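A short write-up of the structure that comes next.
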């Protein structure tokens, strides 16, 4: 379909989202998704429409209404996206999930749901910096592609500060509560699959670990000063009183690590793209405040790359080895890479929508386009001629495929199909080329 702004294989992949939209909204969705990956400038709604070459096909207000009034939900889109990823990239075995939050910086006090939030990129230690904007809770599916870990976002929640909720007279929900909702939604959708949730210290707590669904296990960063308890002793015959919920108090992970007789073991692990040797100390105990009476495994790690001090990782599945727990936790970093790519190359922070529903829907499309770009490249793009990107003479040591390569391949394939159609006449070619030339010429 040479008249389409995006390559036909990508356009066909978008058709699986048809049940999520009405017919007019589906047309707008295809245009916006095409423009989102082709856009070379700020990802505002008007610029995305220009990048798709759709100026004049509809009134621009119809694309704004798609976000502010359309009868669709980000959860419905996320479920279809998750189905695609699970079907093609995780058809068997455990499904690994990563949860984290990220700040989308904005200016303008009339933007719905915006507040002052701590900026994690600028804050150092006790010196905190704050920025106006939105905090998004993101749940992604982790997959292994091209010898790397990739986090493909599927579900999202907009977090509102306590002050904002009080002003709007709505109940306040913590970031971890939003995360629990997203995990439960996805785990309920696939009741026969086992999920392993990876999260940092902020998401390794009772909100996500207590009374979780039976097909969900959690691996995250624990606390060296955690209050640990021995497993529950069997009730003696004739013993009176209610059953105990925990055993006697035992030493914390940090205290055990300092003991001269601590049974450290050396383990070879592959983390962050390299193989290193670390020392581990395994502790099986109850972390009552976080998991109640459930036995969990704590792994104290020494000499972990990038960590000067000891660290501790926990797993609600005590059958996992220390090596597996350490390597799985390291995969959590791939979601940070996704945040960086979505902000730098897909304009996650660029949309200027101000109304409530538009704010909740626009920014997540940056993450949706990220996941779709990776999925398209794995299924179609890597096998086409557009994947043969030109090599730079000063950058000959590059190894592996990056998201920039995938995005460039999608753009090259779209422009090649649109402009190099052998059946095109010269007037048709000029008609297709003019919007692209005008757009690129004004890209500055």
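In our numbering, the protein residues as written are 117 to 560.
We put the CB at the ideal spot given by N, CA and C, even for glycine.
Being a predicted model, the structure only gives us computed values, none of them experimental.
Beta-carbon gap between residue i and residue j smaller than 8 Å
i           : j           : result
residue 255 : residue 444 : no
residue 274 : residue 299 : no
residue 517 : residue 438 : no
residue 608 : residue 122 : Only positions 117 to 560 of the chain appear in the structure, and residue 608 is not among them; the question remains open.
residue 413 : residue 436 : yes
residue 483 : residue 272 : yes
residue 535 : residue 549 : yes
residue 533 : residue 184 : no
residue 369 : residue 428 : yes
residue 497 : residue 522 : yes
residue 137 : residue 145 : yes
residue 78  : residue 182 : The chain is shown from 117 up to 560; residue 78 falls before or after that span and cannot be answered.
residue 147 : residue 165 : yes
residue 269 : residue 486 : yes
residue 161 : residue 467 : yes
residue 211 : residue 309 : yes
residue 381 : residue 395 : yes
residue 575 : residue 279 : Within the shown structure, residues of the chain are numbered from 117 to 560, placing residue 575 beyond reach of any answer.
residue 465 : residue 220 : yes
Residue i, buried or exposed, once every other Cβ within 10 Å from all chains shown has been counted against 16
i           : result
residue 561 : As displayed, the chain neither begins before 117 nor continues past 560, which places residue 561 out of reach and without an answer.
residue 208 : exposed
residue 187 : exposed
residue 225 : exposed
residue 504 : exposed
residue 159 : buried
residue 431 : buried
residue 169 : buried
residue 520 : exposed
residue 213 : buried
residue 354 : exposed
residue 529 : buried
residue 305 : exposed
residue 512 : exposed
residue 177 : exposed
residue 117 : Confidence in residue 117 is poor, its pLDDT being 40 and thus under 50, which makes the residue's placement unreliable; the coordinate value appears in the next sentence. It counts as exposed.
residue 508 : exposed
residue 249 : buried
residue 510 : exposed
residue 338 : buried
residue 163 : buried
residue 481 : buried
residue 541 : exposed
residue 155 : buried
residue 173 : exposed
residue 320 : buried
residue 294 : buried
residue 461 : buried
residue 420 : buried
residue 336 : buried
residue 329 : exposed
residue 175 : exposed
residue 424 : exposed
Residue i at chain C interface by Cβ criterion, 8 Å
i           : result
residue 496 : This model lacks chain C altogether, as it is built from one protein chain only.
Supposed close pair residue i, residue j - CB separation, criterion 8 Å
i           : j           : result
residue 434 : residue 400 : 5 Å
residue 332 : residue 303 : 5 Å
residue 322 : residue 406 : 5 Å
residue 372 : residue 402 : That belief does not hold up - the Cβ atoms of residue 372 and residue 402 are roughly 15 Å apart, past 8 Å.
residue 230 : residue 222 : 6 Å
residue 292 : residue 455 : At roughly 18 Å, the Cβ-Cβ gap does not stay under 8 Å, so residue 292 and residue 455 are not in contact.
residue 392 : residue 446 : Contact flag wrong, Cβ pair sits at about 10 Å.
residue 479 : residue 152 : Not really, about 11 Å apart at Cβ, beyond 8 Å.
residue 416 : residue 426 : 6 Å
To test your reading of the DSSP string, which unbroken alpha helix (DSSP H) runs of 4 or more residues are found completely within the segment 319–382?
322–325 and 369–374
Across the segment 258–269 and the segment 451–459, are there enough close Cβ pairs to call them in contact, namely three or more that are closer than 8 Å?
yes
How about the segment 237–252 and the segment 339–353: do they share at least three Cβ pairs that are nearer than 8 Å?
With contact defined as three or more Cβ pairs closer than 8 Å, the segment 237–252 and the segment 339–353 are not in contact.
Cβ pair count under 8 Å reaching 3, the segment 198–205 against the segment 481–492:
Judged by Cβ distances under 8 Å, the segment 198–205 makes contact with the segment 481–492, as three or more pairs qualify.
May I ask you to verify whether the segment 172–190 touches the segment 279–293, counting CB pairs closer than 8 Å and requiring at least 3?
no
For the segment 352–360 against the segment 370–378, do three or more pairs of beta-carbon atoms, one drawn from each stretch, fall closer than 8 Å, so that the two count as touching?
With a cut-off of 8 Å on Cβ pairs, the segment 352–360 is not in contact with the segment 370–378, counting fewer than three such pairs.
Going residue by residue through the segment 480–555, where are the continuous beta strand (DSSP E) segments of at least 3 residues, counting only ones entirely within it?
none
Contiguous beta strand (DSSP E) assignments of at least 3 residues, all confined to the segment 206–287
211–221, 231–234, 246–261 and 264–275
Taking only runs of the alpha helix (DSSP H) that begin and end inside the segment 139–175, which ones reach a length of at least 4 residues, in chain order?
139–154 and 161–167
To test your reading of the DSSP string, which unbroken beta strand (DSSP E) runs of 3 or more residues are found completely within the segment 387–417?
390–402
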